[in-house]
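A.B. asks:
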Amino acid sequence: MIDTLAVVGATGAVGRIVLDQILQRKLPHGRLKLLASARSAGQVVTFGDQQITVELMEPSAFDGVDVVIASTPDEVSAEFAPWAVERGAIVVDESGYWRMDPKVPLIIPEVNASAIDNHQGIIASPNCSTTQMVVALAPLHNAARIKRVVVSTYQATSGAGLAGEAELMHSTRGSLDGSAPAAKTFQYPIAFNLIPQIGSEKHEGYTSEEMKMVYETRKIFGDDSIDVCPTCVRVPVAIGHSESILVETEKPLTVEQARELFANADGVTLIDDLAGRQYPMPVDSAGKDDVFVGRVRKDLSSPNGIAFWCVSDNLRKGAATNAVQIAELLAKKMASVA
């Protein structure tokens, strides 16, 4: 049981789902505090049958807090997380700021839950595109050890927050009525378009979003020898990231073995019947917590390769659900020592 739970960023796209998941999953907690910047402080948020006023996020706001679930920009997390830790709280952070800090475990509960024991007050939740991919890769890695991954992502506009979702709607309406609105959140108009850049230029032509997938995958699996070649693309879909994944393993796997591994993996739902036109799509994953896998097939160019298609709600398992699952692990640990 978490005596006092705080949610930072509760008025944002992911924060709203965090609150919904706390209710739906019945995360055991006593008092709930909602914290935000001065811009959102004072707003009243509905939580079940309660009306909770959002408080100003300042150092003293974390007094007496046991666990914090936070969804904020990197620079905000960099400032507030030390405040919370100094006051004895454990921070479950969804920003990118702490993910590659060697002192901060990067957790996906279905994959590396035991790493939570190494925290020093901050636990990071991975990037949304990494999370769904690693959940799908984990059963293959455990069975045959992954050597190389080639992944192309098709990422929903909600990955850029409420502004991204709004721009998709605005851009689509404008394109249909001929007004051709200018892009604000994205580099170019997103309606009826694909944008092969997410994040800033980072390393040898790869973007920051792409390099996150490289570094985070290695950290979660604890294996720096895994090669990852990512291409991240923004697509005109509201919710649900899709990924085309080719994985090469040390030991050979048949398609039948891969399907069985997916079917039995925690957090994975296999939908794979090409003849029956059954495969995962973003429209079907929205509002669900699992990672959906389909189109499983042998790589025609590699003897130890398996190709598959992977879809997940980026706001849920890619963000809010994973963070709440981490908080559930903490709640169990707190109950065991109470």
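The sequence shown begins at 427 in the working numbering and counts up one residue at a time.
Glycine residues also receive a C-beta, built at the ideal position from the N, C-alpha and C atoms.
These figures come from a predicted structure and were not determined experimentally.
(1) Taking a contact to mean a Cβ-Cβ separation below 8 Å, would you say G693 touches V560 in this structure?
(2) Under 8 Å, do P615 and P622 count as touching if we go by C-beta distance?
(3) Give the single residue among S738, A496, K759 and I478 whose Cα lies nearest to the Cα of A582.
(4) For S763 and P454, I'd like the C-alpha separation in whole angstroms.
(5) Taking the alpha-carbon positions, what's the A436 to G585 distance?
(6) Let me make sure I understand the geometry here. Which of G490, G744 and F506 has the alpha-carbon closest to that of S463?
(7) What's the C-alpha gap between A689 and A733?
(8) Expressed to the nearest angstrom, what Euclidean distance is found between the alpha-carbon atoms of M483 and L431?
(9) Would V493 and I516 be called neighbours here (beta carbons separated by less than 8 Å)?
(10) Take K645 as the anchor and find which of L741, D527 and S497 has the nearest alpha-carbon.
(11) For H667, list the residues DSSP reports as bridge partners.
(12) Cβ of P531 within 8 Å of Cβ of E642?
(13) Apart from the five residues just before and just after G518, which ones in its own chain have a Cβ nearer than 6 Å to its Cβ?
(14) Closer than 8 Å is the cut-off here; do at least three beta carbon pairs connect the region 696-716 with the region 592-610?
(15) Where DSSP assigns a beta bridge to C658, which residues make up the other side?
(16) In angstroms with no decimal places, state the Cα-to-Cα distance between E512 and T675.
(17) What three-state label does DSSP hand Y641 in the structure shown?
(18) What three-state label does DSSP hand T472 in the structure shown?
(19) Work out the CA separation of G514 and M707 for me, nearest whole Å.
(20) Are the CB atoms of L594 and G438 within a distance shorter than 8 Å?
(21) Using the Cα positions of E501 and A745, report the straight-line distance between them to the nearest angstrom.
(22) Kindly indicate the opening and closing residues of the beta strand (DSSP E) around K459.
(23) With H, G and I counted as helix, E and B as strand and the rest as coil, what does DSSP make of G522?
(24) Report the partner residues of Q477 according to the DSSP bridge assignment.
(25) Return the residue from the list E536, I533, M639 and R525 that minimises the CA-CA distance to T657.
(26) Report the partner residues of Y632 according to the DSSP bridge assignment.
(27) Going by the CB atoms, is the gap between A487 and L461 shorter than 8 Å?
(28) Would you mind working out which of H629, D710 and Q683 sits nearest S668, comparing C-alpha positions?
(29) How many angstroms separate the CA atom of T680 from the CA atom of K724?
(30) When you compare each of W735, L741 and D715 to R451 by their alpha carbons, which one comes out closest?
(31) At a cut-off of 7 Å, would you count V444 as near the ligand ATP, judging by its Cβ distance to the nearest heavy atom?
(32) Let me see if you follow: with CB-CB separation under 8 Å, is D653 close to chain B or not?
(33) From which residue to which residue does the beta strand (DSSP E) around K724 run?
C.D. replies: Answer, in terms of the structure:
(1) The count along the sequence shown starts at 1 and reaches residue 693 at position 267. The count along the sequence shown starts at 1 and reaches residue 560 at position 134. No, the pair does not count as a contact, with Cβ atoms beyond the cut-off.
(2) Stepping through the sequence shown from its first residue, residue 615 is reached at position 189. Stepping through the sequence shown from its first residue, residue 622 is reached at position 196. If you check the CB distance, P615 and P622 do not come in under 8 Å.
(3) Residue mapping note: residue 582 aligns to position 156 of the sequence shown, counting from 1. In terms of CA proximity to A582, S738 leads the group S738, A496, K759 and I478.
(4) The residue given as residue 763 occupies position 337 in the sequence shown. The residue given as residue 454 occupies position 28 in the sequence shown. According to the sequence displayed, residue 763 carries Val and not Ser. Each residue's Cα considered, the two are about 15 Å apart.
(5) On the sequence shown, position 10 is the one that residue 436 refers to. On the sequence shown, position 159 is the one that residue 585 refers to. A436 and G585: Cα-Cα distance of roughly 16 Å.
(6) Taking the first residue of the sequence shown as position 1, residue 463 is located at position 37. It is F506 whose Cα lies nearest to the Cα of S463.
(7) The sequence position of residue 689 within the sequence shown is 263, counting from 1. The sequence position of residue 733 within the sequence shown is 307, counting from 1. Using only the alpha carbons, I get a separation of about 16 Å.
(8) Taking the first residue of the sequence shown as 1, we reach residue 483 at position 57. Taking the first residue of the sequence shown as 1, we reach residue 431 at position 5. Each residue's CA atom was taken as its position, placing M483 and L431 some 14 Å apart.
(9) To locate residue 493, count along the sequence shown from 1; it is residue 67. To locate residue 516, count along the sequence shown from 1; it is residue 90. In contact: V493 and I516 (Cβ atoms closer than 8 Å).
(10) On the sequence shown, position 219 is the one that residue 645 refers to. Considering only alpha carbons, the answer is D527.
(11) Sequence index remark: in the sequence shown, residue 667 carries index 241 (1-based). Per DSSP, S738.
(12) Within the sequence shown, numbered from 1, the residue matching residue 531 stands at position 105. Within the sequence shown, numbered from 1, the residue matching residue 642 stands at position 216. Cβ atoms of P531 and E642: not closer than 8 Å.
(13) Numbered from 1 along the sequence shown, position 92 holds the residue referred to as residue 518. The sequence given here has Val at residue 518, not Gly. Excluding residues within five positions, the ones whose Cβ falls inside 6 Å are I495, I549, A749, I752 and A753.
(14) no
(15) As a first step, residue 658 must be located in the sequence shown, where it is residue number 232. T579.
(16) Stepping through the sequence shown from its first residue, residue 512 is reached at position 86. Stepping through the sequence shown from its first residue, residue 675 is reached at position 249. Rounded to the nearest angstrom, the two C-alpha atoms are 43 Å apart.
(17) In the sequence shown, the residue the question calls residue 641 occupies position 215. Three-state result, Y641: helix.
(18) The residue labelled residue 472 in the question sits at position 46 within the sequence shown. If DSSP states are grouped into helix, strand and coil, T472 belongs with the strands.
(19) Numbered from its first residue, the sequence shown carries residue 707 at position 281. Numbered from its first residue, the sequence shown carries residue 514 at position 88. So the alpha carbons of these two residues sit roughly 42 Å apart.
(20) Position 12 of the sequence shown, counting from 1, holds the residue named residue 438. Position 168 of the sequence shown, counting from 1, holds the residue named residue 594. Not closer than 8 Å, so no.
(21) Residue mapping note: residue 501 aligns to position 75 of the sequence shown, counting from 1. Residue mapping note: residue 745 aligns to position 319 of the sequence shown, counting from 1. E501 and A745: Cα-Cα distance of roughly 18 Å.
(22) By 1-based counting over the sequence shown, the position of residue 459 is 33. Counting along the chain, the beta strand (DSSP E) containing K459 begins and ends at H455 to A462.
(23) Position 96 of the sequence shown, counted from the start, is the residue given in the question as residue 522. The three-state secondary structure of G522, taken from DSSP, is coil.
(24) Against the sequence shown, residue 477 aligns to sequence position 51. DSSP, once it has assigned bridges, lists T472 as partnering Q477.
(25) As a working mapping, residue 657 is identified with position 231 in the sequence shown. Of E536, I533, M639 and R525, the residue nearest in Cα terms is M639.
(26) Sequence index remark: in the sequence shown, residue 632 carries index 206 (1-based). Answer is H629, bridged to Y632.
(27) Translated into the one-based positions of the sequence shown, residue 461 becomes position 35. Translated into the one-based positions of the sequence shown, residue 487 becomes position 61. Yes, they are a contact pair.
(28) Looking up residue 668 in the sequence shown gives position 242. S668 has its Cα closest to that of D710, out of H629, D710 and Q683.
(29) Along the sequence shown, one-based indexing puts residue 680 at 254. Along the sequence shown, one-based indexing puts residue 724 at 298. Rounded to whole angstroms, T680 to K724 spans 7 Å at the Cα level.
(30) Position 25 of the sequence shown, counting from 1, holds the residue named residue 451. R451 has its Cα closest to that of D715, out of W735, L741 and D715.
(31) Absence of the ligand ATP from the depicted structure is noted, as is the absence of any ligand whatsoever, leaving it without description.
(32) You won't find chain B in this structure, because it holds only one protein chain.
(33) As a position in the sequence shown, residue 724 is number 298, starting the count at 1. V717 to K724 is the span of the beta strand (DSSP E), which, as asked, contains K724.
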